[in-house]
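Asker:
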Ligand SMILES: NC(=O)c1ccc[n+]([C@@H]2O[C@H](COP(=O)([O-])OP(=O)(O)OC[C@H]3O[C@@H](n4cnc5c(N)ncnc54)[C@H](O)[C@@H]3O)[C@@H](O)[C@H]2O)c1
């Protein structure tokens, strides 16, 4: 059993606490820390948490807790992680790890120097659908992964600090692109180096300095592409979808809207419907198990089970640092309108990998480009002559 210091009693602090203390869980939040004492007190009362405070130092130093969970605004992640490392406590930090790669690297160095156990709380690679899809991809169901498209869009975040670039580190890219980037890395291979990024970003709607919309392409060393699409201007709730394309197959994942629970009500269902739902009347798309569907359940199971087993969790601080480095390159690209290199001080993955491109042999003279069953029942082959390079077609009866 672990006793936990929870830093932050906002949206993520609630989801995390709900997950950690759900059902008949063994682990318990022992201390809750929020900026406002009354918020902390109410949170403690709601979740049966013995202690509450407004002091990050006091919460981390609590003699009964062995794990610190950082669910604070982005500008406080580094300070909280450095303090947890100094206190020699296990530390799990929410996304994005830092506001930029420099902050994330400082955090990574601090935990490694202190020798404390740590994990990067990237929930969306742990959703039940994603875990199953990743397993299928790992078993070769899709062949070589060529392209992963990941989309997260909603009408914008719920707290002031997200909208202030200085406090958040940026807009939709750092806030949500970090999820999409890690989803793509997980399918493409976290041991493959992200080489460069091309990104469009704009402030289409909201009166803020940061971007509220962006699309980016991350090219990996083997030629695979991770595509992220993020927006704080989307209307209609939260759109969370992933597409994975490989040489042998495809996966489409839809995590949130219209996933099999649809309700019409003219009078409302009496409150909260689902994260970022825009209304509570008309057609609604509630979610049966929010913390499960968003991956929080699988994520904390991995973090705490791996801690108990003395092995690293799936999502490490190093992963958080790589994601921040990709996000930084995306911001540079959006400004320069060019491909920008991903700058990593330390690369811990593979070097000199093979390209995803591959040749399907047909006969001594030809390479197969494509085979298709036509409406008349014949099979048509598109072939390339090895010597002349000429493209030819041939029918099989
Ligand atoms: N899917 C996800 O993983 C996910 C979802 C939402 C948010 N987040 C991340 O979680 C973090 C927090 O986001 P949120 O949505 O919960 O924000 P929020 O604004 O809802 O909550 C922030 C909390 O931090 C507390 N806080 C702020 N300053 C403090 C201080 N100086 N001392 C003590 N407590 C302080 C506030 O009182 C509040 O309880 C962010 O980094 C965000 O990116 C992750």
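Numbering (this note's numbering), first residue to last: 37 to 433.
Even glycine gets a Cβ: it sits at the ideal position worked out from N, Cα and C.
1. If we count Cβ pairs, one from each stretch, closer than 8 Å, do we get three or more for the region 390 to 402 versus the region 154 to 165?
2. Which one of 382, 176, 126, 172 has the shortest CA to CA distance from residue 154?
3. Among 251, 241, 256, whose alpha-carbon lies nearest the alpha-carbon of residue 222?
4. Tell me the DSSP bridge mates of residue 421?
5. Rounded to a whole number of angstroms, what is the C-alpha to C-alpha distance between residue 314 and residue 271?
6. Taking 7 Å as the line, does the beta carbon of residue 109 fall inside it for any heavy atom of ligand 1?
7. The beta strand (DSSP E) with residue 318 in it runs from where to where?
8. Is residue 432 near ligand 1, going by C-beta to nearest heavy atom under 7 Å?
9. Which residues in the same chain have their Cβ closer than 6 Å to the Cβ of residue 120, if we skip the five residues on either side of it in sequence?
10. What does the Cβ neighbour count give for residue 42, buried or exposed, with the cut at 16 atoms within 10 Å?
11. Return the residue from the list 91, 101, 133 that minimises the CA-CA distance to residue 111.
12. Tell me which residues share the same chain as residue 352 and place their Cβ nearer than 8 Å to its Cβ, disregarding the 5 neighbours each side in the sequence.
13. Sorry if obvious, but does the Cβ on residue 195 come closer than 7 Å to a heavy atom of ligand 3?
14. Cβ atoms of residue 137 and residue 370: under 8 Å apart, would you say?
15. Taking the alpha carbon of residue 180 as the reference point, which residue from 400, 172, 98 has its own alpha carbon closest?
16. Enumerated in chain order, which unbroken segments of the beta strand (DSSP E) with a length of 3 residues or greater are wholly contained in the region 151 to 179?
17. Determine the direct distance from the alpha carbon of residue 148 to that of residue 364, and round the result to whole angstroms.
18. According to DSSP, simplified to helix, strand and coil, what is residue 308?
19. If you count every other CB in all the chains shown that lies within 10 Å of the CB of residue 233, and 16 or more means buried, which is it?
20. Provide the residue span of the alpha helix (DSSP H) that contains residue 73, from first to last.
21. To the nearest angstrom, report how far apart residue 37 and residue 321 are at their CA atoms.
22. Residue 136 bridges to which residues according to DSSP?
23. Quick check on the DSSP output: the alpha helix (DSSP H) that includes residue 334 runs from which residue to which?
24. How would you write the range of the beta strand (DSSP E) that residue 39 sits in, first residue to last?
25. Nearer than 7 Å: is that true of the beta carbon of residue 61 relative to any heavy atom of ligand 1?
26. For the alpha helix (DSSP H) containing residue 57, list its first residue and its last residue.
27. Nearer than 7 Å: is that true of the beta carbon of residue 93 relative to any heavy atom of ligand 1?
28. Would you say the region 186 to 195 touches the region 258 to 276, given that touching needs at least three Cβ pairs under 8 Å?
29. Give the secondary structure of residue 128 by DSSP, where H, G and I count as helix, E and B as strand, and everything else as coil.
30. CB residue 356 to CB residue 140, shorter than 8 Å?
31. What separation, rounded to the nearest whole angstrom, lies between the Cα atoms of residue 76 and residue 124?
32. Do residue 207 and residue 248 have their C-beta atoms closer together than 8 Å?
33. Quick check for students: name the residue ranges of the alpha helix (DSSP H) that lie wholly in the region 168 to 233, counting only runs of 4 or more.
34. Taking only three categories from DSSP, how would you classify residue 382?
35. Per DSSP, residue 149 is paired with what?
Answerer: This is what the structure holds:
1. no
2. 126
3. 256
4. 402
5. 8 Å
6. yes
7. 318 to 320
8. no
9. 96, 104, 127
10. buried
11. 133
12. 154, 155, 156
13. Ligand 3 is not part of the structure shown, which contains ligand 1 as its ligands.
14. no
15. 172
16. 154 to 157
17. 23 Å
18. coil
19. buried
20. 73 to 83
21. 36 Å
22. Beta-bridge pairing links residue 136 to no other residue.
23. 332 to 345
24. 39 to 43
25. no
26. Segment: none, residue 57 is in no alpha helix (DSSP H) and carries neither H nor E.
27. no
28. yes
29. strand
30. yes
31. 24 Å
32. yes
33. 201 to 204, 214 to 224
34. coil
35. None; residue 149 has no bridge partner.
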